[in-house]
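Here the structure is laid out as structure tokens; the discussion comes afterwards.
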Amino acid sequence: MASKIKKIVVGTVIASTVLTTSILSVSAASMVHTVVSGDTLWKISQRYNVTLEEVYQANLGYRAQSMLMVGARVSVPEKAPSQAHTVQKGDTPWTISNQFGVNLNELLQVNGLRAGDEIYPGQRITIPKGQTATMPVPPTRGTQVKRTTRTHTVASGDNTWSLSIKYGIPFAELLKVNGMTENSTLRIGQKITIPVYHIPVKSTPGSQYGELLDWWTEAQYVVPIGATFKMTDYYTGKSWMMKRTIGANHADSEPVTAADAAIMKQVWGGSYSWSTRPMIVEINGRRIAASASSMPHDIQYIKNNSFNGHMDVYFHNSTRHKDGKPDLNHQRNVIITAGKS
């Protein structure tokens, strides 16, 4: 009886294996492995340095627990050879991942790195397999900043502050252009001159860097009060959303949500701080060199974001509110993220 049961089991295994093999689909971009005794799909994936899911996808008949028959042919996805990058001054894992268009976590994993680890000039970094190196394409180099004007006809409810926010123009500048003061009142039907700035895109040394925009003549118009933007920490590659809510000397900004505030807090090691970090600000398809500290202070506009106040975002030549002077730490960071260090 035992012998009869054994025959049935073996017959079932062979039938299952034959059925599985018969519906095998081999990808054109693959190599073929011939199964030997002891092989499993997991062992084959490890031998060829591919994931088990990739083996499944290349062999549509196989799934978890599929049994292999000696001599069966298994398709194994082929990946492009690894590439190596020699670290240059100013490089970070995040900037390298951007330069080569690879996933940051994959880059860290294949190089035995963790988020926040420092790398050094001359160090060799392996670019994950299956990725193609791309040379940075510099944006079109612009010319000089151009200023034109448009006319706004005052409607019910308008005031000079709301118009400055609506058109992304500093409040003081709007008053000056129209010969007004903070106490001036508007009349319905009155014509108001609105400055319009055309800020050309500047080239950068590589796609991992941001444009070096002067705060007073460029950046404050690209990132006006009321603008929402993405901010990315230059060293860790972690990103979150911010909104510029006020600020004349630099961009006083707030995390949009509590989740954004939590990411920012994590970047600063678990505590908000006055210490500065290099940042990339992304807005309307542009990447701008910046710097930030994370300590919440003073006026808060966004509620329910677990951040009691606003924090400071500096661009090239931004200054402190207290004395109107540049902050050397912030300016050093801006130069780093612009690739000019």
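In mature numbering (1 follows the signal peptide of the UniProt record, and there is no 0), the protein residues as written are -28 to -1, 1 to 313. For each residue, glycine too, the CB sits at the ideal point set by N, CA and C. If you're wondering where the values come from, they're calculated on a predicted model, not measured in any experiment.
Query raised in the report: In angstroms, rounded to a whole number, what distance separates the CA positions of residue 248 and residue 174?
Result: For the purposes of this step, residue 248 is taken as residue 276 along the sequence shown, with counting starting at 1. For the purposes of this step, residue 174 is taken as residue 202 along the sequence shown, with counting starting at 1. Answer to the nearest angstrom: the Cα atoms are 25 Å apart.
Query raised in the report: Where DSSP assigns a beta bridge to residue 4, which residues make up the other side?
Result: Here residue 4 corresponds to residue number 32 of the sequence shown, with the count starting at 1. According to DSSP, which records beta bridges pairwise, residue 4 is partnered with 47.
Report task. Taking only beta-carbon positions, decide if residue 147 is within less than 8 Å of chain D. Result -> Going by chain labels, chain D is absent from the structure shown, which holds only one protein chain.
Report task. Can you tell me which of the three DSSP states residue 139 falls into? Result -> Within the sequence shown, numbered from 1, the residue matching residue 139 stands at position 167. Here residue 139 sits in helix by DSSP.
Report task. Can you tell me the Cβ-Cβ gap for residue 268 and residue 283, rounded? I've got them flagged as a contact below 8 Å. Result -> Here residue 268 corresponds to residue number 296 of the sequence shown, with the count starting at 1. Here residue 283 corresponds to residue number 311 of the sequence shown, with the count starting at 1. Taking C-beta atoms under 8 Å as the contact rule, residue 268 and residue 283 qualify, at a distance of about 6 Å.
Report task. Decide yes or no for the touch test of the segment 302 to 311 against the segment 260 to 276: beta carbon pairs closer than 8 Å, at least 3 of them. Result -> yes
Report task. Just mark residue 230 as buried or exposed, buried being the case when its beta carbon has 16 or more other beta carbons within 10 Å. Result -> In the sequence shown, counting from the first residue as 1, residue 230 sits at position 258. Counting Cβ neighbours within 10 Å, residue 230 comes out exposed, since fewer than 16 surround it.
Query raised in the report: Can you list the beta strand (DSSP E) stretches of 3 or more residues lying completely in the segment 65 to 93, in chain order?
Result: none
Query raised in the report: Can we count residue 140 as close to the ligand NAP, meaning its CB is less than 7 Å from some heavy atom?
Result: The ligand NAP is absent from the structure shown, which contains no ligand whatsoever.
Report task. Flag this pair as yes or no: are the beta carbons of residue 124 and residue 164 separated by less than 8 Å? Result -> Taking the sequence shown and counting its residues from 1, the one referred to as residue 124 is at position 152. Taking the sequence shown and counting its residues from 1, the one referred to as residue 164 is at position 192. Going by beta carbons, residue 124 and residue 164 fall inside the 8 Å limit.
**Report entry** Local conformation of residue 193 per DSSP, three classes
**Finding:** Residue 193 sits at position 221 when you count from the first residue of the sequence shown. Helix, per DSSP.
Report task. Can you say whether residue 100 is buried or exposed, counting buried as having 16 or more other CB atoms within 10 angstroms of its CB? Result -> Along the sequence shown, one-based indexing puts residue 100 at 128. By the 10 Å Cβ count, residue 100 comes out buried.
Query raised in the report: Which class does residue 299 belong to by DSSP, given the choice of helix, strand or coil?
Result: Locating residue 299 in the sequence shown gives position 327, counting from the first residue. Coil at residue 299, not helix or strand.
**Report entry** Spatial neighbours of residue 281 in its chain, beta-carbon cut-off 6 Å, leaving aside the 5 residues before and after
**Finding:** Counting from 1 along the sequence shown, the entry for residue 281 is found at position 309. Excluding residues within five positions, the ones whose Cβ falls inside 6 Å are 268, 269, 270 and 272.
Query raised in the report: Leaving out the 5 sequence neighbours to the left and right, which residues in its chain are closer than 7 Å to residue 85 when beta-carbon positions are compared?
Result: Against the sequence shown, residue 85 aligns to sequence position 113. 65, listed in sequence order.
**Report entry** For residue 55: DSSP bridge partner residues
**Finding:** As a working mapping, residue 55 is identified with position 83 in the sequence shown. In DSSP, residue 55 forms a bridge with 99.
Query - Start and end residues, beta strand (DSSP E) containing residue 122 - result: On the sequence shown, position 150 is the one that residue 122 refers to. From DSSP, the beta strand (DSSP E) with residue 122 extends over 118 to 125.
Query - Nearest-angstrom Cα separation, counted from residue 18 out to residue 193 - result: As a working mapping, residue 193 is identified with position 221 in the sequence shown. As a working mapping, residue 18 is identified with position 46 in the sequence shown. Cα to Cα, residue 193 sits roughly 53 Å from residue 18.
Requested in this report: Under 7 Å Cβ to Cβ from residue 118, same chain only, skipping five residues before and after it: list those, please.
Outcome: The residue labelled residue 118 in the question sits at position 146 within the sequence shown. Cβ within range, chain order: 170.
Report task. Could you check if residue 136 is buried or exposed, using at least 16 other CB atoms within 10 Å of its CB as the buried criterion? Result -> The residue you call residue 136 lines up with position 164 of the sequence shown. Classification for residue 136: buried.
**Report entry** Buried or exposed by the 16-neighbour rule on C-beta atoms within 10 Å, applied to residue 39
**Finding:** Position 67 of the sequence shown, counting from 1, holds the residue named residue 39. Exposed, by the Cβ-count rule.
**Report entry** Selected residue, minimal CA-CA separation from residue 266, among 275, 243 and 288
**Finding:** If you number the sequence shown from 1, residue 266 lands on position 294. Out of 275, 243 and 288, 243 has the C-alpha closest to the C-alpha of residue 266.
Query raised in the report: Any idea which residues DSSP pairs residue 334 with across the strands?
Result: Residue coverage of the chain in this structure runs from -28 to 313, which leaves residue 334 outside it and unanswerable.
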